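Chains as they are written, first to last, in this note's numbering: chain B, 20 to 378; chain Z, 152 to 433; chain U, 101 to 458. These notes concern the structure reproduced below.
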Amino acid sequence: MLELHAVVKRYGATLGAGPIDLTVEPGEFLTLLGPSGCGKTTTLHLIAGLHAPDEGRILMDGTDLTQVPPQRRNMGVVFQNYALFPHRTVTENVAFGLRMRGVTPTEIASKVGRMLDLVGLPGTEGRLPRQLSGGQQQRVALARALVIEPRVLLLDEPLSNLDAVLRKRMRADLRAIQRRLGITAIAVTHDQDEAFEMSDRVALMDQGRIEQLSTPEGLYDRPATRFAAEFIGEAVFVPGRIGSLVGGRARVATESGLGFDGIPCPDGLGVGAAVYVLIRPERIDLILDDAAPAGAIEAEIVDRVFSGEQVSLSLRVAGGLVLKAKKPSLGRFRDLAPGRKLRLLAQDPRLVPRTDGAT
Amino acid sequence: MTETRRAGWLFVTPIGLLYLLILLAPLSYFLLLSIFKYSAFEMYLFEPTAENYQRLLFDPYYRGVIYRTLRIAATTTVFTLLVAYPLAYFLARYGGPGRGVLMFLVIAPLMSGVIVRTYGWIVLLGAEGTINTALIWLGAIQRPIQILRTEFAVIMAMVHILLPYMVFPLFSAIVAQERNLEQAARTLGASNLRIFLEVTLPLSRPGIVMGSVLVFTLTAGAIVTPQLLGGKEMKVLGILIYDLVLTTLNWPLASAVASLLVLLQFSVIVLYFRGARGRAAA
Amino acid sequence: MTQHRSSHRFTRRQALGMGAAGVLGAGLPSLASAQAANEVRILFAGGTWKDWYEQSFTNDFAAANNVKMNWRTGLRQAPLAIAQRRRPQWDLIHINQTESAQIGTMGILKPFVDAELPNLKDIHPSFKYEFLAGKIHTPYGLAVNTKRITRKIDSWLDMWDPAFKGKVAFPQFSWVGEEVFHAVNQVLGGSEDNVDPGIAKFKELFKSNGAILGNNVEHAIQLLSTEEIWIMPLFSARTDQARAKGGPVEFIVPKEGGLSWIWNTGLIANRGKASEEMAAKLVNMTLDPERQIAFSRRTGYPPTNVKAMKNLPADLKKLEISDADLEAYGKIQRKFDYMTMFAFKDQVTERFNKEVLA
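Here it is in structure tokens:
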């Protein structure tokens, strides 16, 4: 179990990261997700020991690592640019960490061979990094980090230098390898899809701190802040206030005159609190017939964008508010055109606190 | 031949002609002269002879000069490398105000002539010079020790004079290295020493090769410093050529010495670069 | 003076360039000679010697004759003249009597004759040679540190005194050492083609008495003024300069005879009538008594024109040299057979390098 306790890193006067409290369970795949400059790479480097924290402690299975130099932390790091030794072959790159540990040559040979098999690179042993494709280099970097049997595998934007197709495949491979070895892994990325597909839990970071730490589902379903909601997926935010609270469910009146009832209310918000009602485009039901379920709203299509498997619709509702809806581009949704009037139902709206001046 | 290819040739034509003029013409001139017979009054006679080379290669005196030249050049190269590497490493890796000052100090010697710098060393190394005076004052020695007119003095001054030629190629090679290669090595368990020996140093190879070739060839062809600091015993190929051309006026022999020097320098360059390439491909 | 050889960095490339100039020069028409003489192309020494020369002669000369002086400064200009001997590119070459005899014989220089140089008839015979006449002459003897050396010094052979071990310097061959070596060799009974006595004796000087080589004027002055060296052959005026820099040194003319170099510009042949006449005019000016006195005042060396020697102003009286002294300076050197010396130059130099220095 890896623990970070109130860890702070400053670069001169500017905050690099912190204060960060984080616990990573054994065998867990955790991703630090956030925009550039949010402190996610700094946090990873603090764990690897490449930076020393200004405050706080880092513990591994109860042992304090804070003062332990990186060469004695036994963490496997995969760097964003892979940092392969350009003057050494694939085998030599992978064997490097084992040699530093004084492993015998026979054992090195067998371990390196097995690791190259695991990452799917047999046959490249004698090549130099520059003779490999980006994806192959990535796998060498992974093999080099894993072969030392590290306590934690640290991945810094591991897939950002790969093309889209390769990236998708590597996500699955990475996850599979991690599961197979049962190793604790911490990755850094700015790509939400990547984070969600690979991770058990995601720590969403902003301005040096962890904004929300949750499973991918938890982040998506229950974003704690507008930042979290915006960063994860698409959403429309409708400003309003809590009118009443019954059994943890709120009734909200929006400024545009819409009313929403029975929205689960996060802790700490009471009647009269300024909130956003968060509506996700993929959770909007369009009613094309005459049915009129409770809560349905009159709307008119004002824009349509076709993107292959999906159509995105802009829908104007009462008060001039425009909502977005995403539908599969088949059957009855395919031919919806601007000007069409219909009704919609916003499923699972969520509340996030509004802190931007409204009280 | 494509248009671009032809345009490319057009670009290298002027420099090619210049090379032909300033390099190949004199080179062929003295290669040719080196196989002519020396004559005091005619300068040379158009009689092909091997005697200039024979004199050079079989006379222990001239052989001694060749060995001395190579020895001084090799030793100077090694010591320059030893001094320059930490300096280049520091310049490449550390910022701050000290870096600019240090960079200037490295370049500064290039701004004064080689004579000025050599005379500076005379002042420092002489019997009544700074070093001897200081050693006597400290009680380390009783009488001045002989530093001037030794091979040691020549090498020390050459190291100083040629330092920038080694520092800058090294600097470029070190600065070009990805910083996180060292970080990667560190996370894989390498100590500072191992990181240096296994990563930083091998990746500095292009700089080491370039700097060494420069320092070696410049030392092998040096005249002024060996002359002023080395004294009468310190005859090297450069001085030999100088004397033969200007004083003795034996141009055929001077040409043979020059051809030999160029051949030696060229061989060293080829060997060095071949060695470098061989390792890189391994 | 032309003796500060090493203050000019002569690189291998320059030597090559020189050779190339020779090769290329052979194929090119002599451009300068085709024109009317509106410039004088002169190979000269650099430094203070050139400054003094310009102030005393060429500044006025260029103005009076409406010509431009085109300089190429450096030490040891003879090789360039030799390289260009088929197609000379320069009008004048700064040179001493030894070199003038040698390259004159190769056909590179025109003889000095009264018809072309009206002032030549007033030059003392001691300073007139076939291809050169001095504008000054440079007495040469021993520079002696009189503070460290208390015994009387009056011979070249005093350098061999074991008391001066490690404190003796001798000029390099490429400076003026070759002539000084021949002088001592002849004192010892040798000749231009028999240097055995000299070689044996100098081996002793370098091996037993720890002599070192003096590279050039600056080096000599530095060695004497820091008292690293107590005794060495040197020019009179340069000895004065070493004294001015703090070296307690005196100039001594050895009893076997001192030496003396004359320095002037030789007239390069085959340059075309106009150029040759203009060059001769400048040389004639350097032989003029008034001009020579001005030059003597700047350099500290005595004039060669008899009228100038007889009419030295009060402040220069110390430069006056009696006929007896003149005789003493010429004693050894006047007997030199420069051509034999030249013919054996290569062998003697090599023997000196191998047997004496190595």
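Beta carbons are placed, not taken as given, at the ideal position from N, Cα and C, and that holds for glycine. Bear in mind the structure is a predicted one, so any value in this text is a computation, not a measurement.
Asked	Found
Using the beta-carbon count (16 or more within 10 Å), is residue 361 (chain Z) buried or exposed?	buried
Might you give, ordered along the chain, the residues of its own chain that have their beta carbon closer than 6 Å to the beta carbon of residue 202 (chain B), omitting 5 neighbours on each side?	172
On a CA-only basis, which of U:284, U:306, U:331, U:307 is nearest residue 298 (chain U)? Give me that one, please.	U:284
For residue 226 (chain B), list the residues DSSP reports as bridge partners.	For residue 226 (chain B), which the question treats as bridged, DSSP gives no partner whatsoever.
Do you know offhand how far residue 295 (chain U)'s Cα is from residue 289 (chain U)'s?	9 Å
Taking CB distances under 8 Å as the criterion, tell me whether residue 450 (chain Z) reaches chain B.	Residue coverage of chain Z in this structure runs from 152 to 433, which leaves residue 450 (chain Z) outside it and unanswerable.
With distance defined between alpha-carbon atoms, name the residue in U:395, U:431, U:428 nearest to residue 159 (chain U).	U:395
To the nearest angstrom, how far is the alpha carbon of residue 234 (chain B) from that of residue 222 (chain B)?	9 Å
Name, in chain order, the residues that DSSP records as bridge partners for residue 145 (chain U).	Its beta-bridge partners do not exist; DSSP assigns none.
How many whole angstroms separate the CB atoms of residue 8 (chain B) and residue 298 (chain B), which I take to be in contact at a CB cut-off of 8 Å?	Because chain B here runs from 20 to 378, residue 8 (chain B) falls outside it and cannot be looked at.
At what residues does the beta strand (DSSP E) containing residue 418 (chain U) begin and finish?	Residue 418 (chain U) -> no beta strand (DSSP E), and no H or E assigned at all.
State the start and end residues of the unbroken beta strand (DSSP E) segment that holds residue 22 (chain B).	21-30
Going straight from the alpha carbon of residue 386 (chain Z) to that of residue 198 (chain U), what length do you get?	25 Å
Run through chain Z and tell me which residues come within less than 7 Å of residue 305 (chain U), C-beta to C-beta.	Correct list: empty, because the minimum Cβ distance to chain Z is about 11 Å.
CB residue 358 (chain U) to CB residue 429 (chain U), shorter than 8 Å?	yes
Please state the DSSP three-state secondary structure of residue 294 (chain U).	strand
Taking 8 Å as the threshold (C-beta atoms), are residue 137 (chain B) and residue 196 (chain B) in contact?	yes
Is the region 161-173 of chain Z touching the region 308-325 of chain B, taking contact as three or more C-beta pairs under 8 Å?	no
Answer with buried or exposed for residue 268 (chain B), where buried requires no fewer than 16 other C-beta atoms within 10 angstroms of its C-beta.	exposed
In this structure, how does DSSP classify residue 328 (chain Z) when only helix, strand and coil are distinguished?	coil
Do the CB positions of residue 301 (chain Z) and residue 328 (chain Z) come within less than 8 Å of each other?	no
Please compile the residues from chain Z whose C-beta is within a distance smaller than 7 Å of the C-beta of residue 454 (chain U).	212
What does residue 340 (chain Z) reach in chain B if we use C-beta pairs closer than 8 Å?	90, 91, 93, 116, 119, 120, 167
Report, in whole angstroms, the separation of the C-beta atoms of residue 85 (chain B) and residue 76 (chain B), which I expect to be a contact under 8 Å.	5 Å
Curious, which full-length alpha helix (DSSP H) runs of at least 4 residues does the region 212-274 of chain Z contain?	248-262
Could you run through the region 63-75 of chain B and flag, in chain order, every residue whose CB is less than 7 Å away from some CB of chain Z?	67, 69
What residue range does the alpha helix (DSSP H) around residue 250 (chain B) cover?	245-250
Comparing alpha-carbon positions, which option in U:233, U:245, U:269 lies nearest residue 212 (chain U)?	U:233
Kindly indicate which three-state DSSP category residue 260 (chain U) falls into: helix, strand or coil?	helix
Residues of chain U with a CB under 7 Å from the CB of residue 189 (chain Z): which are they?	446
Quick one: is residue 277 (chain Z) near chain U, going by C-beta distance under 8 Å?	yes
Can a CB atom of chain U be found closer than 8 Å to the CB of residue 382 (chain Z)?	yes
Taking the runs of the alpha helix (DSSP H) that are 4 residues or longer, which of them lie wholly in the region 367-400 of chain U?	373-386, 389-399
From the beta carbon of residue 109 (chain B), is the nearest beta carbon of chain Z less than 8 Å away?	no
Name the chain B residues that come within less than 8 Å of residue 350 (chain Z), Cβ to Cβ?	104
Looking at C-alpha atoms only, which residue of B:47, B:21, B:346 is the closest neighbour of residue 218 (chain B)?	B:47
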